[in-house]
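Colleague: Residue numbering for the sequence shown follows the UniProt record's numbering, starting at 1 and increasing by one per position. Here you go, one structure.
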Amino acid sequence: YGFINTCLKSLVVEKYGEETWEKLRLQAGVQDSFLTFEVYKDEITMQLVDKACKVLGVPADMVLREFGKYFFEFCKRSGYDHMLRTLGGNLYEFIENLDALHSYLSLSYQEMNAPSFRVEKNEDGSMHLHYYSDRRGLCHIVPGIIGAAALDFFNIEISMKIVNQTEEEERTGKKEHIVFLVTQNPVFPCKERNEFSSSTQCLVDSEKQSENQLNKEDVEKTKNAIGDRGNSVCPVKKSHWKTIRGIITLGKGKLLRGFDPVYPKSLWIDTKTFCNGLPFHMVFDKELRVKQAGVSIQKIVPGLQTMGISLDQYFRIIHPEVPFTISSIQKFINSQFVFQTRREMMPESWKQRPMLELRGQMMWMEPLQCMLYLCSPLLRSLHELEERQMHIADIAPHDVTRDLILLNQQRLAEMELSNQLERKKEELRILSKHLEEEKKKTEALLYAMLPQHVANQLKEGKRVEAVNFKHLRILCFKQACSISIKILGTGTKFKVFLRCFIVHFKETVETIGDAYMVVGGVPVPVPTHAERVANFALGMIMAAKGVQNPVSGNPIQIRVGIHTGPVLAGVVGEKMPRYCLFGDTVNIASRMESHGVPSKIHLSSSAYQCLKYKNFEITERGEIEVKGKGKMHTYFLIRNKTATENEIMGRP
């Protein structure tokens, strides 16, 4: 399910950052987000784990162990905290009930293929944990999950070592079978441990002094109980004094030896009442011959009314996936068993119905050498109840399955709603991403039409007032320099010049026919605009040498003219706004270009005054006749004395 992949993503993002996840995701070729209740292929998770090992440079077992620890915390944060805490009072009970938890979750996550666990206590206080899974290579997740749960819930540190790894032959499914040796130590300071030891000794001494009130057997039982409790395989998360006080009951001055149930001499219930009160139960012997069955199960499986039939003729075991033999059942007797009716043994008119599944526990009755199967129908919703033509009345009033079906019906509806909301959220996220991309394109287009400063003002709904850049102020700090360039020849490579332009300016270039005009110091005046315009002009001449004329094959030649003077700048138009310049400065710059020399940068006298003390090499051209202006004294810009060609062109 997507829940697993979301957890893996959360781990990578939280510990290694968003960039690492993006890199890992792209290498694995998977999507960025996952829906919680959506089923995904195992290959996606395996691919993510494999790429995580390569990207992070960490062995697979360490990645899986770390994922196991994080998965435990992720489940707690996702609302499963109380459910996990109440599984058992110690680690043994916790592990023993994991299969039951998976069975419950499968009511909601119907496609879930969970691993299976079986645990065995050893005399030295350790445990053997048997792990079964259809997925090979993921066993290292188990120490991470179990270790985190042991430390958090029971305050004990454990070590888990693989002692056996086989392809399971006993079971019909869950092919990988790993056996872990689990050893553990309580986690508490040395001071508390010493206090516990001395307190235990004091307690024993006081018991010896009170032997006139307590018999020796009680004292010995208490010592053993204290010793057993101290060496417990999985102690409850309590202080040690609380543990001792839990063993001793004050009152009549006697120590409890533990709970001893009282049984009647004979069973005070008749057969008919028993079969009606427990409508879903079966008793069968070692040969799987049915000895007894509840009334509801007889109604659903009519063949069970013939006592002595073989149980495996009418049912198959779905979980745990073991052969239908008494020895296999005894080996997994602590597991929940799920039976499913066999279609071929049902009446002809029932064969179109979905087969009924039963879930319950096995209890071995040694005196009778028979197995008791106490079960209930495994139904997830009212729809499944109707499909099998059953009713709530078929289930005993005391059976919580009645409530579970109704509650799960509501739960499934909530999950469906949650799933729809999650899908809508994902759709909105994708739309938002596309919208952001389109917004960037729109902004880029807008900045191509207008200077960024002006465009931002228009986006904010502000009025852009026309500004008069006066000559005197421009010469000092707010000068406006315009440059007009005309390409001689065809096939102009505008991108070459645009790159050079971006190095020196942030706005775009204005095109007028086959000429280009660049303005420095407008709309935001900068003290270095004259140098920027000059360097850009030099870069244009350099760039032109690398652009061939498609007709002659020779480098193209350009004329460049620069002039400094006053301008009036403002936005013209509402539907198609343009940032325009008005004034004689634009005309003179155009004249400098048109009266210039190919591959030369032609300067007016005012432009020369701005650049003559700025580390530029400039030569005098002299007086020339300029159309509409008469005689003008002009200059040529040769080079920048301090900047290299690479710096001017913006190369590394």
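By construction, the Cβ of each residue, glycine as well, lies at the ideal position given by its N, Cα and C atoms.
1) Can you give me the Cβ contacts of S116 inside the same chain, cut-off strictly under 6 Å, excluding the 5 residues immediately before and after it?
2) Could you tell me how far apart the beta carbons of G144 and E66 are, in whole angstroms, since I believe they sit closer than 8 Å?
3) From I95 to Q369, what distance separates their C-alpha atoms?
4) If you run the structure through DSSP and keep just helix, strand and coil, what is S590?
5) Who pairs with Q184 in a beta bridge, going by DSSP?
6) Use the C-beta contact count for D394: other C-beta atoms within 10 angstroms, 16 or more gives buried, fewer gives exposed.
7) How would you write the range of the alpha helix (DSSP H) that S327 sits in, first residue to last?
8) Rounded to whole angstroms, what is the Cα-Cα separation between L107 and H434?
9) Considering just the uninterrupted stretch of the alpha helix (DSSP H) at N456, what are its terminal residues?
10) Per DSSP, what kind of secondary structure is Y16 in: helix, strand or coil?
11) Based on the DSSP secondary-structure assignment, which residues constitute the bridge partners of R289?
12) Are three or more beta carbon pairs between the region 400-412 and the region 321-333 nearer than 8 Å?
13) In the structure shown, what three-state DSSP assignment does K439 receive?
14) Under 7 Å between the Cβ atoms of Q340 and R359?
15) Would you kindly work out how many angstroms separate the C-alpha atoms of I4 and G461, rounded to a whole number?
16) Check the DSSP bridge columns for S116 and list the partner residues they point to.
17) Tell me whether S418 is buried or exposed, calling it buried when 16 or more other Cβ atoms sit within 10 Å of its Cβ.
18) Considering only their Cβ atoms, is the gap separating I638 from E617 smaller than 7 Å?
19) What does the Cβ neighbour count give for H633, buried or exposed, with the cut at 16 atoms within 10 Å?
20) CA-CA distance, E647 and R532?
21) Looking at C-alpha atoms only, which residue of L151, I562, L138 and M371 is the closest neighbour of D61?
22) Determine the direct distance from the alpha carbon of Y80 to that of A148, and round the result to whole angstroms.
23) Excluding the 5 residues flanking K486 on each side, which residues of the same chain have their C-beta closer than 6 Å to its C-beta?
24) Determine the DSSP secondary structure at A643, reduced to helix, strand or coil.
25) Candidates I44, M371, A534 and G277: which alpha carbon is nearest G294's?
26) Thinking C-beta only, is T401 closer than 7 Å to S376?
27) Hey, V571 and H595: beta-carbon distance below 7 Å or not?
28) Please check the pair residue 665 and E422, which I expect to be a contact at CB under 8 Å, by giving their CB distance rounded to whole angstroms.
29) So T642 and N615 are supposed to be a Cβ contact under 8 Å. How far apart are they, rounded?
30) Using a Cβ-Cβ cut-off of 7 Å (strictly less than) and excluding sequence neighbours within five positions of N122, which residues of its own chain qualify?
31) Consult DSSP for E93 and reduce its assignment to one of helix, strand or coil.
32) Taking the alpha-carbon positions, what's the D42 to C7 distance?
33) Please tell me whether V547 and I541 are closer than 7 Å, where the distance is taken between their beta carbons.
34) Have a look at F536 and G628 and give me their C-alpha separation to the nearest angstrom.
35) Should K208 go down as buried or exposed, given a rule of 16 or more other Cβ atoms within 10 Å for buried?
36) Check for me: the beta strand (DSSP E) holding V571 runs from which residue to which?
Modeller: From the atom records:
1) Only D99, Y132, K174 and P320 meet the Cβ criterion.
2) 7 Å
3) 28 Å
4) helix
5) BP columns for Q184 point to I158.
6) Classification for D394: buried.
7) I326 to K331
8) 37 Å
9) Q452 to K459
10) helix
11) S310
12) no
13) helix
14) no
15) 47 Å
16) Partner(s): Y132.
17) exposed
18) yes
19) exposed
20) 12 Å
21) L138
22) 15 Å
23) The predicted model places K486 with a pLDDT of 45, which falls under 50 and marks its position as unreliable; any figure quoted below should be read in that light. Once the five neighbours on either side are set aside, the close Cβ partners of K486 are A515, R559 and E593.
24) coil
25) For G294, the nearest C-alpha among the options comes from G277.
26) yes
27) Against a cut-off of 7 Å, the Cβ pair of H595 and V571 comes out as no contact.
28) Nothing about residue 665 can be read from this structure; the chain reaches only from 1 to 652.
29) 5 Å
30) H128
31) helix
32) 14 Å
33) Cβ atoms of V547 and I541: not closer than 7 Å.
34) Rounded to whole angstroms, the separation of the alpha carbons of G628 and F536 is 27 Å.
35) Caution applies to K208, whose pLDDT of 43 falls short of 50 and renders its modelled position unreliable; the model cannot decide the point.
36) Unbroken beta strand (DSSP E) run through V571: V567 to V572.
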